[in-house]
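J.: One rule links them: number in our numbering = place in the sequence shown (from 1) + 5.
No residue lacks a Cβ here, since even glycine has one placed at the ideal position from N, Cα and C.
Keep in mind it's a predicted model, so treat the numbers as computed, not measured.
Here you go, one structure.
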Amino acid sequence: MQQDSQSLPEEHLTEETSQPLRELATLTRDNVALFWHSCARDLPWRFGHTTPWGVLVCEVMSQQTQMSRVVPYWLTWMQTWPDAQSLAHATSAEIITAWGRLGYPRRALRLQSCAQVVATTYRNKLPCTYEELIALPGVGDYTASAILSFAYGKHIAVIDTNIRRVLMRAFTGTESHGGSTTQSDRELAAAVLPEDNHVTTATANATNTTNTTCTSSVWNQAIMEIGATICTARSPQCTTCPLQTWCRFKAAGFPGLGRHTRPQQHFAGTNRQVRGIILQALREAHKKQQVLQRCEINNLWSNQTQLDECIASLDHDSLITILPDGTLALP
């Protein structure tokens with residue numbers, strides 16, 4: 006889930022300016038926790054249903070991909086490779102085939118590279134510190150923070166597109182627009198994050214708790230869920246939102262609702278589409294233990310120059326193999 010927003014309109018938060026935000030967030034926490042435990046989607050990686058490794062797989066798969074699309078792929082993937090050790094020994098062809106139509110297939114190869122490090126360096130146990138996680142292949146700030154919060158119940162703010170939209174709207178009364186995460190975004194997320202005082206790690210981990218305590222882990226996951234299902238970019242469903250009583254964006258009349266600074270990206274005709282078509286044809290051929298002949302390749306896309314460019318880029322990314330006779334196969 007990629008970061009998506011504009012920085013706070015004010016200067017950086019101070020202790021004095023953070024306090025009102027902290028107090029407002031405190032008023033919302035019972036509602037937020039109740040929403041999480043009674044209304045959140047029961048996805049297969051939530052509520053203690055999986056391991057920390059399963060959480061990492063989910064987070065990698067859901068980067069720029071909707072959760073609803075991820076579920077069937079995640080279930081099949083985890084059944085085939087339930088831990089880092091098993092994934093580390095898979096072939097690239099098996100991994101690319103299993104990745105299917107999730108998009109951005111380089112994520113699959115980076116996930117295997119990550120699995121190899123976890124299997125060898127950490128004896129098949131996903132590390133539980135930010136410094137170790139961020140050093141793993143394919144793991145960035147968001148993914149490391151999400152694993153620490155969702156899988157290990159650590160006290161850390163998590164920021165993604167949905168979380169930032171909800172926090173910006175509810176606590177600053179402004180719209181989220183697009184761009185990289187800023188220091189002001191981090192300060193806001195930290196200011197409203199609940200403390201985990203007198204809460205054990207097991208209780209703090211939202212995936213293992215069944216009560217309505219609003220731990221930092223519950224808060225992060227609930228705010229993300231609100232952004233994904235209720236406080237959406239263009240059509241917020243305020244009547245069902247647990248934050249509606251305190252929401253400054255609603256009180257201000259939804260200023261700038263749905264306005265984005267970045268134009269919508271089109272898919273049709275792009276190299277992404279062509280690359281996807283090539284990989285899908287190769288997946289089908291791989292299932293039959295076949296390769297793609299040159300005549301079959303040429304029939305995949307009418308623009309031969311673009312087709313050749315995409316084949317070259319897939320080869321550069323180690324996602325395909327160009328055989329000496331010009332046929333194509335998965336690596």
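Helix, strand or coil: how does DSSP classify residue 297 here?
T.: Stepping through the sequence shown from its first residue, residue 297 is reached at position 292. Annotated three-state conformation of residue 297 is strand, per DSSP.
J.: At what residues does the alpha helix (DSSP H) containing residue 190 begin and finish?
T.: One-based indexing of the sequence shown puts residue 190 at position 185. 188 to 197 is the extent of the alpha helix (DSSP H) around residue 190.
J.: Which stretch, first to last residue, makes up the alpha helix (DSSP H) that contains residue 40?
T.: By one-based count along the sequence shown, residue 40 stands at place 35. Where residue 40 is concerned, the enclosing alpha helix (DSSP H) stretches over 20 to 44.
J.: By DSSP's criteria, residue 333 is part of a beta bridge. Which residues make up the other side?
T.: Here residue 333 refers to the residue found at position 328 of the sequence shown. The partner list for residue 333 (beta bridge, DSSP) reads 297 and 327.
J.: Residues in the same chain with beta-carbon distance under 6 Å from residue 111, minus the five sequence neighbours each way, listed in chain order, please.
T.: Looking up residue 111 in the sequence shown gives position 106. So the list reads 322, once near-sequence residues are dropped.
J.: Using 8 Å as the threshold, is the stretch 270 to 284 in touch with the stretch 312 to 319, meaning 3 or more CB pairs across them?
T.: yes
J.: If you check the beta carbons only, do residue 154 and residue 226 fall under 9 Å apart?
T.: Numbered from its first residue, the sequence shown carries residue 154 at position 149. Numbered from its first residue, the sequence shown carries residue 226 at position 221. Yes, Cβ-Cβ distance for residue 154 and residue 226 is below 9 Å.
J.: Taking residue 117 as part of the alpha helix (DSSP H), name the residues at either end of that continuous run.
T.: Position 112 of the sequence shown, counted from the start, is the residue given in the question as residue 117. It spans 111 to 126 - the alpha helix (DSSP H) in which residue 117 sits, taken as one unbroken run.
J.: Given a cut-off of 9 Å on the beta-carbon distance, is the pair residue 173 and residue 181 in contact?
T.: On the sequence shown, residue 173 is found 168 positions in, with the first residue counted as 1. On the sequence shown, residue 181 is found 176 positions in, with the first residue counted as 1. A contact, by the Cβ cut-off of 9 Å.
J.: To the nearest angstrom, how far is the alpha carbon of residue 234 from that of residue 98?
T.: The residue given as residue 234 occupies position 229 in the sequence shown. The residue given as residue 98 occupies position 93 in the sequence shown. Each residue's alpha carbon lies about 35 Å from the other.
J.: Exposed or buried, which one is residue 170 when buried takes at least 16 other CB atoms within 10 Å?
T.: The count along the sequence shown starts at 1 and reaches residue 170 at position 165. When all chains shown are included, residue 170 counts as buried.
J.: If you draw a straight line from the C-alpha of residue 251 to the C-alpha of residue 138, how long is it?
T.: Here residue 251 refers to the residue found at position 246 of the sequence shown. Here residue 138 refers to the residue found at position 133 of the sequence shown. Distance between the alpha carbons of residue 251 and residue 138 is about 36 Å.
J.: What is the DSSP secondary structure of residue 284, counted as helix, strand or coil?
T.: Numbered from its first residue, the sequence shown carries residue 284 at position 279. If DSSP states are grouped into helix, strand and coil, residue 284 belongs with the helices.
J.: Check this for me: beta carbons of residue 123 and residue 93, under 9 Å apart or not?
T.: By one-based count along the sequence shown, residue 123 stands at place 118. By one-based count along the sequence shown, residue 93 stands at place 88. Taking 9 Å as the Cβ cut-off, residue 123 and residue 93 qualify as a contacting pair.
J.: Would you identify the three-state DSSP class for residue 57, choosing helix, strand or coil?
T.: On the sequence shown, position 52 is the one that residue 57 refers to. Reduced to three states, the DSSP call for residue 57 is helix.
J.: Take the Cβ of residue 40 as the centre, count every other Cβ of all protein chains shown within 10 Å, and call the residue buried at 16 or more, exposed below.
T.: Locating residue 40 in the sequence shown gives position 35, where the first residue counts as 1. With 16 or more other Cβ atoms within 10 Å, it is buried.
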